[in-house]
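Below is one structure, written out as C-alpha cells; the observations come after it.
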C-alpha cells in the first residue's frame, strides 16, 4: 500500500513537472481566421516546441458538436465565434476554457455525424489548421504585415484571370462570320482570383473575427510611442497630412480595446499623439508634429508591437541577410523572399514606383547575395544603403512599376520576409462570344416577398430595376437574356431554378440587396456554390469591387437555393446594404445603378468570352 502511494505521488510529481515545462513553452495563440471558402480554420501563434502540441477530441450531442481542446495554450485575443456557410459546419466558437491548466477550447457545430467525422486538424510550425471536411489545407502560414489588395493571382486556374483590358471589343460569332458588336468603353478588367496566396488566410467572415490585432496599451518614452497589443499587427504605408502637419499610421484589421486609450498624449518634445478608430476595421495613430519626416513606424519581429520614433536606433541582436530568392508566378506577379539569420526590426513605405524597407538591426549585406537572385518582370534589382546615424541599419530600395500592388509577409520567427507584387497591367483586347449565348437574370424577391425593407425602400423594387437595366446592357452585345421575373410578382425559389434549368443558359445571375442589424455595415459580396460557378463569381465580383466605391466583403460560397439547384454556372450578387443609410440612398441613384449594371455586365461578357475561347480550343 505504501509503495502504491509512493508511485502515485511520484507520478503526480512527474505530471506536475511536465505541466510546468509545457507552461513555460505554451502555445500563444495570436489570431484566428477562416479562409474565404469557409472550409479551413487557421489558428496562428508562437510556440517554441510545436511538435509537442497536444489536442484532445470529443463529441457532444443536442446540438451535435465536435470539441477540440488545445493543451498548454493561451488565447491572447478575446473569445471569438463565427457563423459559417459550410456544408459540414454551421458555427465555430473559440475560447480560453481554463487557465489552470491553460486550455483553449474550439467548438464546431456540425450538421450530421458524417460532417463531424470530416473535421481534421493539422499541426504546423506556429499554427494549427482545421479542415472542415473539404480540400486539404496546404498553406505555408505567415503574418501579412502590409497589404494593398484583397486578392492574389490564382496561378493554378485554366482561365487567365490576370488579363487586364481598358477597352474590350465584343465580337459575336454566328458560325459564318464574326460581327463586331458595339464597344463598351473603359471596360475595367477583372482582378485576379480571390484564392489565397500560399502564406496567408484571407479576411475572416464574421465581424467579430475581423480584428486580427487588439491594441491593449500605448506608452510614451520621451519622443517614442510604443503601441502594444495582442494578435498580429499589419500596417499601411505611413502618410502625412497638413494643416496641421501630421504623421499618420493606419493599422488595418485592428481595434482599440478600451475607450480610454482614445486620447491625446503630449510627448517630451511637444508633439501630440492620438490613437483611435479610423473606421470599423482600422485603428489609426496620428502624430501632430512640425517635423513629420523624421518619424519611423517600426514593426517588432513578433508583429505584436509598433514603435513610432524619430530615432533610427533599435536595441536588438544584429542580423545578417543570408539569402534572396525570386519566384516568377506568371506574367503579372512574382514574389521576392529575403531570409535573415536573426529576427529583423523593420519599417515599410511605398510610393507609386518604389518600395522602401528599413531594417534597423541589419549589417551591410553581401553584394553577391543581393544581386544573385533571378530577375523577374517585377523584381529587377535591390539597392542597399546604410541608415544614416546607425552602425547596423540598412535601407532596401526596390523599384516597381507604378501600377503594381504590394503584399508583404513576415514569418512568425521574424527571419523571413516575402514581398508579393502584382501588376495592374492594362491593354487593348477582344473577346468573342457565340451567337445565341444565353444568360438568365434573376431579380431577387418580388410580389408578396418584399425582401429587406428600410424607410419604405424595398429590396424587391431595387433588384427588379437593376435586373432590367442589366438585361438591356447585355442585349446590346448580342446576348440573349431571360428574366425569371420582369414585373412585381411572387416567384418561388424552386420556380426560379426550374426556369434556368429548362433553358440551360450559359450563366445564371441572381441580383440581391443585403441587410444587417448594424447600420454601419456596407459593401459588396458575391456568392457561388457549385465548382463550375467559381470563375463567373471571381470575375463579376472583381469587376464590382473595381467599379464601385464600397468595401469588398469577399467572394464567398453559400448554399443559397437558386445557386445550389441550377445546373448552369450561377452566382448571387449582393450589390450593397439597404440597412446602411448612405449606401441605401446611393443605390437609388442612377449613377450607382449605372456603375453596378456595367460592372456585372462587363464581368459576364468577359466570362462568356473566356469560356467560349476555352471551348473552341
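Residue numbers (the working numbering): 594 to 1210.
From the three backbone atoms N, C-alpha and C, an ideal C-beta is built for every residue, glycine too.
{"Asked": "Going straight from the alpha carbon of residue 723 to that of residue 972, what length do you get?", "Found": "35 Å"}
{"Asked": "State the start and end residues of the unbroken beta strand (DSSP E) segment that holds residue 947.", "Found": "947 to 952"}
{"Asked": "Would you check if the distance between the CB atom of residue 666 and the CB atom of residue 619 is smaller than 8 Å?", "Found": "yes"}
{"Asked": "List, from N- to C-terminal side, the beta strand (DSSP E) runs of 3 residues or more that fit wholly inside the stretch 1097 to 1167.", "Found": "1100 to 1107, 1117 to 1121, 1145 to 1150"}
{"Asked": "Could you check whether residue 978 and residue 993 sit closer than 8 Å to each other, using their CB atoms as the reference points?", "Found": "no"}
{"Asked": "Please state the DSSP three-state secondary structure of residue 539.", "Found": "This structure does not reach residue 539, given that the chain is present from 594 up to 1210, and the question cannot be answered."}
{"Asked": "Cα separation between residue 1069 and residue 768?", "Found": "19 Å"}
{"Asked": "Output needed for residue 800: all residues of its chain with C-beta closer than 6 Å, excluding positions within five of it in sequence on either side, in chain order.", "Found": "Residue placement at residue 800 is poorly supported in this model, since its pLDDT is 37, which falls under 50; the coordinates still yield a value, given next. The answer is none, since no qualifying residue turns up."}
{"Asked": "I'd like the list of long-range same chain contacts for residue 658, defined as Cβ closer than 6 Å, with 5 residues on each side in sequence excluded.", "Found": "700, 702"}
{"Asked": "For the putative contact between residue 1045 and residue 1106, defined by C-beta atoms under 8 Å, what is the C-beta separation to the nearest angstrom?", "Found": "6 Å"}
{"Asked": "Determine the direct distance from the alpha carbon of residue 1132 to that of residue 1194, and round the result to whole angstroms.", "Found": "11 Å"}
{"Asked": "Should the stretch 1089 to 1097 be regarded as contacting the stretch 1048 to 1067, the criterion being three or more beta carbon pairs within less than 8 Å?", "Found": "no"}
{"Asked": "Pair every Cβ in the stretch 1068 to 1086 with every Cβ in the stretch 1024 to 1041, then say whether three or more of these pairs are closer than 8 Å.", "Found": "yes"}
{"Asked": "With hydrogens ignored, establish whether the beta-carbon of residue 814 is closer than 7 Å to any heavy atom of the ligand PLP.", "Found": "By its list of ligands, the structure shown contains no ligand whatsoever, and the ligand PLP lies outside what it can speak to."}
{"Asked": "Compare the C-beta of residue 1163 against all C-beta atoms of chain D and say whether one is closer than 8 Å.", "Found": "The displayed structure is made up of one protein chain only, and chain D is not part of it."}
{"Asked": "Just the C-alpha distance for residue 638 and residue 886, rounded to the nearest angstrom, thanks.", "Found": "34 Å"}
{"Asked": "Quick one: is residue 911 buried, meaning 16 or more other Cβ sit within 10 Å of its Cβ, or exposed?", "Found": "exposed"}
{"Asked": "Would you call the CB atoms of residue 1169 and residue 1117 closer than 8 Å?", "Found": "yes"}
{"Asked": "If you drop the 5 nearest sequence neighbours on each side, which residues of the same chain put their C-beta closer than 6 Å to that of residue 930?", "Found": "918, 1011"}
{"Asked": "Going by DSSP, which residues form a beta bridge with residue 848?", "Found": "807"}
{"Asked": "Measure the Cβ-Cβ separation of residue 1164 and residue 1126 and say whether it is below 8 Å.", "Found": "yes"}
{"Asked": "In angstroms, rounded to a whole number, what distance separates the CA positions of residue 854 and residue 893?", "Found": "21 Å"}
{"Asked": "Give the C-beta separation of residue 844 and residue 827 to the nearest angstrom, bearing in mind that I take them to be a contact with Cβ-Cβ under 8 Å.", "Found": "7 Å"}
{"Asked": "Would you kindly check if the distance between the Cβ of residue 1000 and the Cβ of residue 739 is under 8 Å?", "Found": "yes"}
{"Asked": "Please look up how many angstroms separate the CB atoms of residue 1026 and residue 1205, rounded, as I've assumed it's under 8 Å.", "Found": "6 Å"}
{"Asked": "Could you tell me how far apart the beta carbons of residue 681 and residue 708 are, in whole angstroms, since I believe they sit closer than 8 Å?", "Found": "4 Å"}
{"Asked": "For residue 713, which three-state DSSP category applies?", "Found": "strand"}
{"Asked": "Counting only the same chain and skipping the five closest in sequence on each side, list residues whose C-beta sits under 6 Å from that of residue 1057.", "Found": "1036"}
{"Asked": "Output the distance between the C-alpha atoms of residue 1201 and residue 1099, rounded to the nearest integer angstrom.", "Found": "8 Å"}
{"Asked": "Could you tell me if residue 883 is buried or exposed, where buried requires 16 or more neighbouring beta carbons within 10 angstroms of its beta carbon?", "Found": "exposed"}
{"Asked": "Check the C-beta distance from residue 1103 over to residue 1171 and give it rounded, since I have them as a contact under 8 Å.", "Found": "About 16 Å separates the two Cβ atoms, so there is no contact after all."}
{"Asked": "At what residues does the alpha helix (DSSP H) containing residue 689 begin and finish?", "Found": "Segment 682 to 692 is the beta strand (DSSP E) holding residue 689; no alpha helix (DSSP H) there."}
{"Asked": "In three-state DSSP terms, what is residue 969?", "Found": "coil"}
{"Asked": "Quick check on this structure: which residue in 974, 815, 957, 1149 has the alpha carbon closest to the alpha carbon of residue 983?", "Found": "957"}
{"Asked": "Identify whether residue 744 lies in helix, strand or coil by the three-state DSSP scheme.", "Found": "Bear in mind that the predicted position of residue 744 carries a pLDDT of just 34, short of 50, making it too unreliable to give a figure here."}
{"Asked": "Where DSSP assigns a beta bridge to residue 896, which residues make up the other side?", "Found": "Paired residue(s): none; residue 896 is not in a bridge."}
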